[in-house]
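Residue numbers (full-length UniProt numbering): 1 to 258. For glycine and all other residues, C-beta sits at the position ideal for the given N, C-alpha and C. Source: prediction; values computed, not measured.
Dropping the structure here:
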C-alpha cells in the first residue's frame with residue numbers, strides 16, 4: 001500500500017464541468033457531491049491517502065457554496081470514506097494498518113512494513129508515585145517513583161495511537177529526554193541498553209474516546225478507541241515498561257500471532 005500523497009487531485013475544465021451537480025433534479029446538491037467523490041474513488045481518480053483540494057477549491061469545482069460542500073464532506077467523513085486531519089487537510093481514508101501483537105511489537109517497524117512513514121511526538125513526561133495498577137505491573141512497591149511518558153504516534157501524519165508508558169524512575173533516568181529527541185520509545189530504550197524488550201502480557205478492551213483522546217487523535221465525538229494494556233520485560237522477564245495505548249479503532253486492525 002502506498003503512503004499518503006499530499007498533492008491534491010487536479011481536474012481539467014472538462015472534468016469540472018462534468019463533475020458539477022445538476023440543479024432541479026430532485027437530488028440535493030450535497031448528495032450529488034458525495035456520489036461524485038465516491039465515484040472518483042471507485043474509479044481510481046482518488047486513491048487511499050490522497051489529499052482532496054481545499055474547501056474553497058472544491059466549492060468552486062462543484063459550483064456550490066461552502067455550506068453545501070461541508071455537508072457533503074461531513075457525510076463522507078461519517079461514512080468513513082474521507083478523514084480530516086487538522087493542519088494537513090482532508091484525505092481519502094486509507095485501509096486500516098495491520099498491527100500484529102507479538103513478542104516484539106514495535107510501532108515504527110509495523111508502520112514502515114505497511115509502506116507508511118512512522119512518526120511520533122512527546123506529549124508530556126513526569127515523575128509520579130506508582131498507582132496500584134502500575135506497581136503491580138512493574139513489580140514495584142506502591143507509591144514508588146515512576147517515570148510516565150505520554151506520546152502520540154502517527155502514520156503518514158495521521159495520528160494512530162496515544163500511549164502512556166510507565167518505567168521505574170531510577171532505572172530509566174533521562175528516558176523522556178531521549179524520547180523527545182528521537183521520537184521513538186524503542187530507540188530511547190536502546191540508548192539505555194534496554195532495546196531488546198519483549199512482550200510479557202497484553203490485554204485489549206474498547207471504549208468511547210474521551211475528550212483528550214479525541215483531540216490528540218483528531219476523532220469526532222462518539223468514536224471508539226481500542227485500549228491495549230501491555231507489560232514489556234527484559235531478557236530476564238523483569239518488567240521494564242507498563243503501557244496503556246489507545247488506538248483509533250478504525251485506523252488499525254489488530255493481529256494476534258500464535
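| Item | Value |
| --- | --- |
| Burial state of residue 222 (16 or more Cβ within 10 Å) | exposed |
| The alpha helix (DSSP H) enclosing residue 168, as first and last residue numbers | Careful: residue 168 lies outside any alpha helix (DSSP H), inside the beta strand (DSSP E) at 158-168. |
| Residue nearest to residue 39 in terms of C-alpha spacing, selected from 49, 187, 81, 54 | 81 |
| Collapsed DSSP secondary structure at residue 139 in the structure displayed | coil |
| Test item: CB-CB of residue 125 and residue 179 under 9 Å | yes |
| Proximity to residue 29 [Cα-Cα], best of 192, 70, 44 | 70 |
| Beta-carbon gap between residue 155 and residue 228 smaller than 9 Å | no |
| Classification of residue 181 by the beta-carbon crowding that lies within 10 angstroms, buried from 16 upward | exposed |
| Cβ-based neighbour list, residue 187, same chain, cut-off 8 Å, excluding 5 preceding and 5 following | 178, 195 |
| Proximity below 9 Å, CB of residue 162 to CB of residue 146 | no |
| beta-carbon residue 211 near the ligand FMN non-hydrogen atom, thresh 8 Å | This structure simply doesn't include the ligand FMN, nor any ligand for that matter. |
| Residue closest to residue 256, alpha-carbon to alpha-carbon, out of 150, 241, 104, 41 | 104 |
| Segments assigned beta strand (DSSP E), at least 3 residues, entirely inside the stretch 83-122 | 89-92, 97-101 |
| Same chain only: Cβ atoms within 8 Å of residue 140, ignoring 5 sequence neighbours per side | 130, 134, 146, 168 |
| Neighbour-count burial assignment, residue 93, 16 or more Cβ in a 10 Å radius | buried |
| Reference residue 191, options 202, 205, 206, 174, closest by Cα | 174 |
| Separation of residue 58 from residue 143, as counted between CA atoms | 56 Å |
| Three-state secondary structure assigned by DSSP to residue 240 | strand |
| Under the three-state DSSP convention, the category residue 182 falls into | helix |
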